[in-house]
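Novice:
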Amino acid sequence: MSCISVNALSKSYGSFKVLDSISFDVDYGKVFGFLGPNGAGKTTTIKILTTLIKPTEGNAKILGYDLLKDEQKIRSRIGIVQQKISLENNLSVLKSLELYGMLWNVQKRIREEKIEEVLDVFGLREIKNSKTEELSIGQRRRLQVAREFIHDMDLLFLDEPTVGMDPNARRILLDYIKKKVSDGLTVFFTTHIMEEAEYLCDEIAIINKGRIVTIDSPQSLRKRYGSIKMVELRLKEPFDRNVLNYDGIEIDNNIVRIVSDNAEEMLAEIVRRLHDNGIYIESLHVDSPTLEEIFLSIIDERYEKGN
Ligand SMILES: Nc1ncnc2c1ncn2[C@@H]1O[C@H](COP(=O)(O)OP(=O)(O)OP(=O)(O)O)[C@@H](O)[C@H]1O
Ligand SMILES: [Mg+2]
Numbered sequence: 278m279s280c281i282s283v284n285a286l287s288k289s290y291g292s293f294k295v296l297d298s299i300s301f302d303v304d305y306g307k308v309f310g311f312l313g314p315n316g317a318g319k320t321t322t323i324k325i326l327t328t329l330i331k332p333t334e335g336n337a338k339i340l341g342y343d344l345l346k347d348e349q350k351i352r353s354r355i356g357i358v359q360q361k362i363s364l365e366n367n368l369s370v371l372k373s374l375e376l377y378g379m380l381w382n383v384q385k386r387i388r389e390e391k392i393e394e395v396l397d398v399f400g401l402r403e404i405k406n407s408k409t410e411e412l413s414i415g416q417r418r419r420l421q422v423a424r425e426f427i428h429d430m431d432l433l434f435l436d437e438p439t440v441g442m443d444p445n446a447r448r449i450l451l452d453y454i455k456k457k458v459s460d461g462l463t464v465f466f467t468t469h470i471m472e473e474a475e476y477l478c479d480e481i482a483i484i485n486k487g488r489i490v491t492i493d494s495p496q497s498l499r500k501r502y503g504s505i506k507m508v509e510l511r512l513k514e515p516f517d518r519n520v521l522n523y524d525g526i527e528i529d530n531n532i533v534r535i536v537s538d539n540a541e542e543m544l545a546e547i548v549r550r551l552h553d554n555g556i557y558i559e560s561l562h563v564d565s566p567t568l569e570e571i572f573l574s575i576i577d578e579r580y581e582k583g584n
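Using my numbering, you'd call the opening residue of the sequence shown number 278 and step up by one each time.
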């Protein structure tokens with residue numbers, strides 16, 4: 278049995294289909310990464326799976342419970358860090374953690390222990406007496422994530438938890454999540470940072486415009502797309518684009534972009550063509566695009582071809 282089993286979930290607002298029949302499974306004890314551009318439907322998916330909003334169609338099993346019938350049972354066994362930060366004003370960091378533990382009915386002794394732990398892990402000890410409204414954005418995010426680890430849970434949803442965190446805080450959080458997963462926690466994680474997803478996730482789903490484009494392990498995604506390079510040529514002036522009539526290149530005024538797994542060979546050919554036509558190159562830049570960029574270019578291609 279899977280920890281999360283999603284079956285043809287859809288969500289519409291009026292005639293706008295935000296989620297279009299998504300299905301996937303997440304095994305127990307794994308980290309499932311959910312990636313996609315702004316507005317793809319990531320937060321909507323998390324809100325549905327955590328029972329905060331209802332799907333328009335479809336269903337899911339969460340920890341063996343029916344999403345539509347067993348809301349309370351699901352809520353009592355999951356944790357959620359929402360994308361939007363919401364903290365009680367007028368409370369100190371410490372009081373805020375205590376309150377959160379009490380809301381979850383965590384026994385006093387365990388609560389105190391957990392609070393001690395997260396104060397250290399998330400670097401909150403020095404600011405434990407500061408009011409939450411006085412915290413920096415990164416500190417607020419750390420507190421919001423930290424409090425979720427005070428209560429016991431089987432499944433944790435994290436919606437872009439590292440936004441606003443500095444590199445050190447990010448790494449600490451990712452490693453802490455890894456440790457919790459090795460103790461049996463299952464994690465559903467969204468991010469825009471591919472390196473984070475690769476570091477943490479056992480499986481990655483890419484969602485675009487409410488549809489899942491691909492689900493695979495980070496390793497095989499790398500294998501599939503890892504050799505792709507991006508070359509950007511800036512020309513002295515705009516040119517007749519018929520000169521460069523090739524597949525896999527993008528032309529934007531005087532900028533030519535090649536995204537391909539044989540970009541080097543294409544580059545040689547393109548430079549020759551430009552030279553033969555008396556067109557001068559001002560600068561040249563070679564980059565490995567992030568996996569997300571590659572996915573998006575693949576998605577665009579697919580839409581353009583009408584598949
Ligand atoms: N209550 C709502 N009413 C109407 N449209 C909504 C509502 N909530 C979300 N949407 C729309 O649904 C789409 C998906 O939003 P969602 O927040 O799930 O995206 P996301 O993938 O989390 O994006 P981001 O990376 O920016 O967080 C967006 O176009 C958004 O405007
Ligand atoms: Mg979102």
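Backbone N, C-alpha and C fix where the C-beta goes; we use that ideal spot for every residue, glycine too.
Just verifying my parser: in three-state terms, what is the DSSP assignment at Glu403?
Specialist: helix
Novice: Only counting the same chain, and skipping five residues up and downstream in sequence, which positions put a Cβ closer than 6 Å to that of Gly583?
Specialist: Because the pLDDT of Gly583 is 45, which lies under 50, any placement of that residue in the model is unreliable, and the question is left without a value.
Novice: Does the pairing of the segment 489 to 500 with the segment 327 to 335 give three or more beta-carbon distances under 8 Å?
Specialist: No, they do not touch.
Novice: Using alpha carbons as the reference points, say which of Tyr342, Asp297 and Lys288 lies closest to Cys280.
Specialist: Tyr342
Novice: Given 8 Å as the limit, tell me if Thr320 has its C-beta closer than that to any heavy atom belonging to ligand 2.
Specialist: Thr320: yes, Cβ under 8 Å from ligand 2.
Novice: Sort Ala474, Asn522 and Met471 by Cα distance to Arg550 and report the nearest one.
Specialist: Asn522
Novice: Flag Tyr523 as yes when its Cβ comes closer than 8 Å to any non-hydrogen atom of ligand 1, and as no otherwise.
Specialist: no
Novice: Inspect the CB distances between the segment 285 to 300 and the segment 416 to 432 and report whether three or more fall short of 8 Å.
Specialist: no
Novice: Which runs of the alpha helix (DSSP H) fall wholly inside the segment 385 to 453 and span at least 4 residues, in chain order?
Specialist: 385 to 398 and 414 to 425
Novice: With Ala285 as the anchor, note down where its beta strand (DSSP E) starts and where it stops.
Specialist: Ile281 to Tyr290
Novice: Mapping DSSP to helix, strand and coil, what is Ser560?
Specialist: strand
Novice: Could you check the C-alpha separation between Leu432 and Asp479 for me, to the nearest Å?
Specialist: 15 Å
Novice: Are there any heavy atoms of ligand 1 lying less than 8 Å away from the beta-carbon of Asp347, as far as the coordinates show?
Specialist: No, Cβ of Asp347 sits at least 8 Å from all heavy atoms of ligand 1.
Novice: Do three or more CB pairs link the segment 460 to 473 to the segment 383 to 401 at distances below 8 Å?
Specialist: no
Novice: Is the beta carbon of Thr327 within less than 8 Å of some heavy atom of ligand 2?
Specialist: no
Novice: Assign Tyr305 to one of three DSSP states: helix, strand, or coil.
Specialist: coil
Novice: Nearest to Ala517 by CA position, among Asn445, Ile528 and Ala337, is which residue?
Specialist: In the sequence as presented, Ala is not what sits at residue 517; that position holds Asp. The shortest Cα separation from Asp517 among Asn445, Ile528 and Ala337 belongs to Ile528.
Novice: Alpha carbon to alpha carbon, what distance is there between Thr320 and Lys288?
Specialist: 12 Å
Novice: May I have the straight-line CA-CA distance separating Pro332 from Ser292, to the nearest angstrom?
Specialist: 14 Å
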